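A quick write-up on the structure given underneath.
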Amino acid sequence: MSQSGVSKQLDRDEKLYRIRHSTAHVMAEAVLREFPDAKIAIGPPIENGFYYDFDLPRSLTPEDLERVEEHMREIINEDHAFERAVISREEARRRFADQPYKLELIEDIGSEEDVSLYTQNTFTDLCRGPHVESTKQLNAKAFKLLSIAGAYWRGDEKQKMLQRIYGTAWETPKELRQHLDHLAEVEKRDHRRLGRELDLFSTHEEAGSGLIYWHPNGSRVRLAIEDYWRAEHLDNGYELLYTPHVGKSWLWETSGHLEFYNENMYSPMVLDNAEYYAKPMNCPFHIMIYKTQTRSYRDLPLRWGELGTVYRYERSGVLHGLLRVRGFTQDDAHIFCSPDQIEAEIREVLRFSLQVWKDFGFSDIKAYLATQPEKSVGEDADWERAVGSLIKAIDAEGLPYEVEEGGGAFYGPKIDLKIQDALGREWQMTTIQFDFNLPERFGMTFVDRDGKEKRPYMVHRALLGSLERFFGVLIEHYGGAFPVWLAPVQAVVVPVAPAFNEYAEQVKSELRAAGLRAEADLSDARMNAKIRAAQQRKVPYMLIVGENERNGHAVAPRLRTGEKEDAVAVEQFITRVQRCVSEKALI
RNA sequence: GCCAGGAUAGCUCAGAGGCAGAGCAGCUCACUCGUAAUGAGCAGGUCGUGGGUUCGAUUCCCACUCCUGGCUCCA
1 MSQSGVSKQL DRDEKLYRIR HSTAHVMAEA VLREFPDAKI AIGPPIENGF YYDFDLPRSL
61 TPEDLERVEE HMREIINEDH AFERAVISRE EARRRFADQP YKLELIEDIG SEEDVSLYTQ
121 NTFTDLCRGP HVESTKQLNA KAFKLLSIAG AYWRGDEKQK MLQRIYGTAW ETPKELRQHL
181 DHLAEVEKRD HRRLGRELDL FSTHEEAGSG LIYWHPNGSR VRLAIEDYWR AEHLDNGYEL
241 LYTPHVGKSW LWETSGHLEF YNENMYSPMV LDNAEYYAKP MNCPFHIMIY KTQTRSYRDL
301 PLRWGELGTV YRYERSGVLH GLLRVRGFTQ DDAHIFCSPD QIEAEIREVL RFSLQVWKDF
361 GFSDIKAYLA TQPEKSVGED ADWERAVGSL IKAIDAEGLP YEVEEGGGAF YGPKIDLKIQ
421 DALGREWQMT TIQFDFNLPE RFGMTFVDRD GKEKRPYMVH RALLGSLERF FGVLIEHYGG
481 AFPVWLAPVQ AVVVPVAPAF NEYAEQVKSE LRAAGLRAEA DLSDARMNAK IRAAQQRKVP
541 YMLIVGENER NGHAVAPRLR TGEKEDAVAV EQFITRVQRC VSEKALI
């Protein structure tokens with residue numbers, strides 16, 4: 001983007017910020033018309049819109065929103081100026097005497113400062129601004145109230161629950177339209193909807209919430225992902241492990257999970273007077289394997305990966321399809337190395353991650369670096385060294401990144417990678433975490449050149465995150481139309497009439513013999529219906545076969561994009577798809 | 001967990017204090033058909049679970065379970 005392009009973008013962001021903030025104020029005024037006794041809390045602009053929290057005598061209904069919108073349009077069209085005033089804290093306290101939430105906010109403002117107010121029409125809010133100059137700068141046709149939600153005062157569940165109204169606001173009705181279309185597209189791509197429509201997975205409340213059942217189609221995709229994952233890891237210097245699903249309390253006491261992670265763990269099972277816990281993480285198991293031998297510096301680095309299934313208790317309210325579950329398979333790995341290897345190792349992990357993301361069709365990636373929090377274990381010097389190597393690695397890979405000061409776990413700094421999907425949404429997937437804690441707790445050592453026992457560095461790394469969550473993101477990214485190498489069914493052979501069933505079956509067998517995932521639709525539906533069915537399943541290739549194709553040992557491909565191709569020999573088609581698979585082409 | 005909304009056929013959804021509905025999917029039958037739905041017929045439900053009101057509840061009331069949207073954006 002050019003320099004002026006950048007500043008234009010900033011201007012626009014600033015403009016939208018004011019519009020949204022001001023629209024929130026107009027909404028508050030409108031709500032006060034409906035509920036004169038309403039207590040108002042906060043109402044900031046947010047991405048794509050705004051919200052305002054209210055303490056109301058009764059619950060809002062969708063009809064209330066319509067009336068509030070109506071009032072808002074009136075206020076906007078009446079063209080009221082937004083007027084700023086600066087008053088003393090004393091005066092502000094008097095002014096908002098019947099607004100307890102505002103009084104609390106006033107107390108939070110530095111005692112030296114005066115406070116500013118913004119007034120439009122009958123409504124005055126404690127507010128830092130800025131705002132548009134007048135309500136006529138808002139467009140009565142470019143905003144919409146979207147939803148009602150509960151929200152704790154200050155996001156604290158010990159505080160009172162308020163009612164939040166979310167809205168969206170734009171400069172023009174066209175932009176609003178585009179945003180609403182975008183929301184509709186998000187809904188259409190919802191992995192839960194596509195999961196059902198494409199017969200990929202299910203969940204069963206009666207059998208346990210937050211636990212995923214992979215159907216044959218979903219499992220086909222997962223197998224493709226796992227096969228790729230294993231092959232890439234073996235090619236990139238990893239060894240693969242399998243470890244148990246449960247471990248005795250000794251393990252979790254030693255690791256510290258019982259002390260620090262208890263509320264996320266499933267309750268123990270008692271066997272032979274011992275308590276066994278379903279694992280919430282794989283790391284202690286990998287450490288057990290590490291400790292089966294005296295490790296030499298010559299053995300390091302050790303890169304050990306595992307598709308490890310873990311169970312974590314998540315509160316029922318936060319469960320969400322594949323994206324937030326109670327049982328999932330992490331594509332985990334632990335790297336054990338000497339301090340002088342750490343920088344190269346981190347860089348290698350990053351490089352490897354980016355390559356994998358590219359193969360799955362994601363290239364917009366941002367790094368988030370989380371540094372030492374107030375409470376932490378490990379020497380400050382180790383933290384510094386670790387953070388330094390993280391930054392060097394990020395720079396070396398040329399990734400854009402942001403620093404989250406103090407955002408690391410107590411046991412070490414980390415890099416998270418967020419990927420952007422086809423709809424521009426960011427998802428946190430990859431995490432690369434230092435651990436100064438576990439090597440200590442388990443007394444891990446390696447023998448260095450000088451014959452002395454030293455503590456290895458340990459890095460946890462989940463690349464895709466979890467297969468469940470990754471699958472959810474993958475479904476939404478592709479809207480269910482997976483690239484050929486991942487598609488559950490790569491080709492459906494469609495005979496134009498029953499007379500060609502036998503040939504269709506033969507073609508299917510040939511495709512399968514060539515390693516492709518193929519089906520022949522021999523149902524008694526008509527050809528058009530078969531095409532439609534395959535199209536709705538988002539199968540990449542439909543192969544139409546009739547008299548001509550049978551005579552020429554050929555197929556006439558139709559792509560799911562609707563494109564029709566001339567007939568080609570079966571062998572030729574196979575070669576083409578195999579290339580497409582090996583190149584992981586995004587078609 | 002908390003707030004709000006929801007739960008009716010496999011799916012999407014309509015309905016109403018008095019025999020439970022549609023479309024799609026499924027099953028059966030017929031059909032010689034060239035690039036997004038051939039036609040006819042059949043079957044399918046303890047109306048989320050438990051309790052209450054009522055002559056009668058899937059419908060009204062209460063509780064519970066689960067699902068959905070939020071509970072991160074800080075005047």
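At position 535 of the first sequence the residue is numbered 535 (the working numbering), and the sequence of numbers has no breaks.
All C-beta atoms, glycine included, are put in the ideal place defined by N, C-alpha and C.
The structure displayed is predicted, hence computed values, not measured ones.
Here DSSP, grouped into helix, strand and coil, assigns residue 195 to helix. Here DSSP, grouped into helix, strand and coil, assigns residue 287 to helix. According to DSSP, residue pairing for residue 580 in a beta bridge does not occur. The three-state secondary structure of residue 281, taken from DSSP, is coil. Counting every other CB atom within 10 Å of its CB across the protein chains shown gives residue 431 a total of 16 or more, marking it as buried. In this chain, the beta strand (DSSP E) harbouring residue 209 covers 208-214. Rounded to the nearest angstrom, the gap between the Cα atoms of residue 96 and residue 59 is 24 Å. DSSP, read as helix, strand or coil, puts residue 170 in coil. Contact between the segment 316-327 and the segment 283-296 is absent: fewer than 3 CB-CB pairs across the two stretches fall below 8 Å. The segment 431-511 contains, as complete beta strand (DSSP E) runs of 3+ residues, the segments 457-466, 491-495 (chain order). Taking C-beta atoms as the reference points, residue 106 and residue 126 count as a pair closer than 8 Å. Looking only at 24, 474, 254, the smallest Cα-Cα distance to residue 437 is reached by 254. Here DSSP, grouped into helix, strand and coil, assigns residue 275 to strand.
Counting only residues of its own chain and dropping the five nearest sequence neighbours on each side, residue 464 has a CB closer than 7 Å to the CB of 331, 429, 470. Its chain contains 142, 176 as the residues whose beta carbon lies nearer than 6 Å to that of residue 170, once the 5 sequence neighbours on both sides are disregarded; these appear in chain order. In the three-state scheme derived from DSSP, where H, G and I count as helix and E and B as strand, residue 27 is classed as helix. Within a 10 Å sphere around the beta-carbon of residue 419 sit 16 or more other beta-carbons, which makes this residue buried.
Scanning the segment 122-181 from its first residue to its last, the whole beta strand (DSSP E) runs of 3-plus residues come out as 123-126, 143-152, 161-169.
For residue 146, the closest of 103, 207, 84, 63 by C-alpha to C-alpha distance is 63. Between the alpha carbons of residue 301 and residue 286 lies a gap of roughly 14 Å. In this structure, the straight-line span from the alpha carbon of residue 15 to that of residue 150 is close to 29 Å.
The Cβ atoms of residue 290 and residue 246 do not sit closer than 8 Å to each other. If you ignore the 5 residues before and after residue 364, its C-beta comes within less than 7 Å of the C-beta of 419, 420, all in its own chain and listed in chain order.
Using a 10 angstroms sphere on the CB of residue 161, the tally of other CB atoms stays under 16, which defines it as exposed. Going by C-alpha positions, residue 536 is about 23 Å away from residue 225. The Cβ atoms of residue 486 and residue 504 lie no closer than 8 Å to each other.
When the Cα atoms are used, residue 372 and residue 445 turn out to be separated by approximately 24 Å. In this structure, the alpha-carbon of residue 416 lies about 45 Å from that of residue 75. Burial check for residue 457: the Cβ neighbour count within 10 Å reaches 16 or more, so the residue is buried.
Between the segment 204-219 and the segment 495-509 there are fewer than three inter-stretch CB-CB distances shorter than 8 Å, so the stretches are not counted as touching. Taking the C-beta atoms as reference points, residue 34 is found no nearer than 8 Å to residue 73. In this chain, the beta strand (DSSP E) harbouring residue 416 covers 414-420. Nearest neighbour of residue 316 by Cα position, chosen from 359, 356, 280, 264, turns out to be 264. A distance below 7 Å between beta-carbons, with the five flanking residues on each side excluded, links residue 103 to the following residues of its chain, in chain order: 93, 96.
In the DSSP assignment, residue 530 falls within the unbroken alpha helix (DSSP H) covering 527-536. The beta-carbon separation of residue 532 and residue 488, rounded to 18 Å, does not stay under the 8 Å limit for a contact.
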